[in-house]
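Visitor:
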Amino acid sequence: MPRTVSRISLGSRGLDLTLITLSAPAEQRRAGEKGPVVVVAANVHGDECTGVGAVLRLLPILDALLLRGTVYLYPTLNPEGLERRSRKVPEDDQDLNRLFPGDAAGSPSERLAHAVWTDVSAHTPDLVIDLHTDAPASIPYALLDRATGLRPGNRGAVESSARALGVSSGLTVLHEYPEDRYARYRLDRSLTGAVLNRLQVPAVTIEAGPRLYLDSAAVDTVTNAVLGMLHALGMVEAPAAPHPTRVDGGPWRRDSGPRASATGVLVPRVAPGVLLAAGDLVAEIRSLSGALLEEIHAETEGFVVSLAERTHVVAGVPVCTFALRE
Ligand SMILES: [Zn+2]
């Protein structure tokens, strides 16, 4: 299997990126056949590490199994963040995943975003997969951006292609926040948001696993999800089996969960991925002496995606991320 490893350097210490290119052997391609091109990126948030493990696990698998096309793998887009266990780029404390397509003359993070964007665009990908991590208590899911920047004539085809690829991951598929909040949170300037809206190419974010260490089961989940999407493009043979936590139906979108109105200890009362009706109990707030201060209920039908990674809550804090029917 032809594999090349290269470095993208910004000339600034610590911001070099590693790029690994894997191409299917030419003899396996039919004459004139051009295989799909897929970019797999990990660790744009430097404290979200499961994708780093998934890239390392994918390398020998794809060495053996890649049938067609080319896969470009970036084990980390934020190497300093990986070193420092930091979501943001440590040099200037910016969220790299709100800066694409970046700025060649901007801040260190904007220059890094520009370098990544220039490199990713140059591959003319058919699909970009970005690997992230939600909270430890969460179901894994495939997240789809809002196609706010696409022309109406093009929008349906790109959106349905991204949705089909998300389904082929075997994971629960969630749409992003509604369009007004999607824009307000600058998610159109995330890597996948910019790929979808500027390159007009399908993009899928995978969220899985605990953040700071490589949990073997979570790495498996992400690896299988990527292979499932490569299968959908005809690049590997076996499809991804549906993940045991997958919630079908929907379409679902992610939203902030119900908020605490009391201050106290957050006691979750439901596991992520369990379908709930409006009014079902999600969590309790208790005092340190055990008194029940508040019961928090689901506001709509849906399910908890992830439980808040906290025990002490104050009024106004969402107790979970929730998926509700689109
Ligand atoms: Zn992230």
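Using the numbering used here, read the sequence shown as starting at 114 and increasing by one per residue.
Here a beta-carbon is modelled for each residue, glycine too, at the ideal position from N, C-alpha and C.
Because the structure is a prediction, the values reported are computed rather than measured.
How is the alpha helix (DSSP H) around Y295 delimited, first residue to last?
Guide: E292 to R297 is the extent of the alpha helix (DSSP H) around Y295.
Visitor: Counting Cβ pairs closer than 8 Å, one from the region 218-227 and one from the region 160-177, do we hit at least three?
Guide: The region 218-227 is not in contact with the region 160-177.
Visitor: Tell me whether G164 sits in a helix, a strand or coil according to DSSP, three-state version.
Guide: It is helical.
Visitor: Is the CB-CB distance between A260 and N310 below 9 Å?
Guide: Result yes, Cβ atoms of A260 and N310 sit closer than 9 Å.
Visitor: For ligand 1, list every residue whose C-beta falls under 6 Å from any of its heavy atoms, going in chain order.
Guide: Cβ atoms closer than 6 Å to ligand 1 belong to H158, E161 and H245.
Visitor: Can you tell me where the alpha helix (DSSP H) holding G306 begins and where it ends?
Guide: Where G306 is concerned, the enclosing alpha helix (DSSP H) stretches over L304 to A307.
Visitor: Under three-state DSSP, which class holds R374?
Guide: Note that residue 374 corresponds to Ser in the displayed sequence, not to Arg. Here S374 sits in coil by DSSP.
Visitor: Using alpha carbons as the reference points, say which of L179, W365 and L190 lies closest to G159.
Guide: Measuring from the Cα of G159, the nearest candidate turns out to be L190.
Visitor: Taking just the CA atoms, how far does G392 sit from A428?
Guide: So the alpha carbons of these two residues sit roughly 20 Å apart.
Visitor: Return helix, strand or coil for R142, following the three-state DSSP convention.
Guide: Reliability of the predicted coordinates at R142 is poor, the pLDDT of 46 falling under 50, and no value is obtained from them.
Visitor: If you draw a straight line from the C-alpha of S465 to the C-alpha of R200, how long is it?
Guide: Lying outside 114 to 439, the shown extent of the chain, residue 465 is not represented and no answer is given.
Visitor: For T376 and V418, which I take to be in contact (beta-carbon distance under 8 Å), what is that distance rounded to the nearest angstrom?
Guide: Their Cβ separation, rounded to whole angstroms, is 24 Å, which puts T376 and V418 out of contact at 8 Å.
Visitor: So, is P323 buried or exposed, given that buried needs 16 or more other C-beta atoms within 10 angstroms?
Guide: P323 comes out buried.
Visitor: On the criterion of 16 or more Cβ atoms from any shown chain inside 10 Å, does E320 qualify as buried, or is it exposed?
Guide: Burial call: buried.
Visitor: Return the Cβ separation of T183 and G219 in integer angstroms, given the expectation that the two are a contact with Cβ distance under 8 Å.
Guide: Incorrect: roughly 30 Å between the Cβ atoms, too far for contact.
Visitor: If you reduce the DSSP assignment to three classes, tell me which class D239 lands in.
Guide: Coil.
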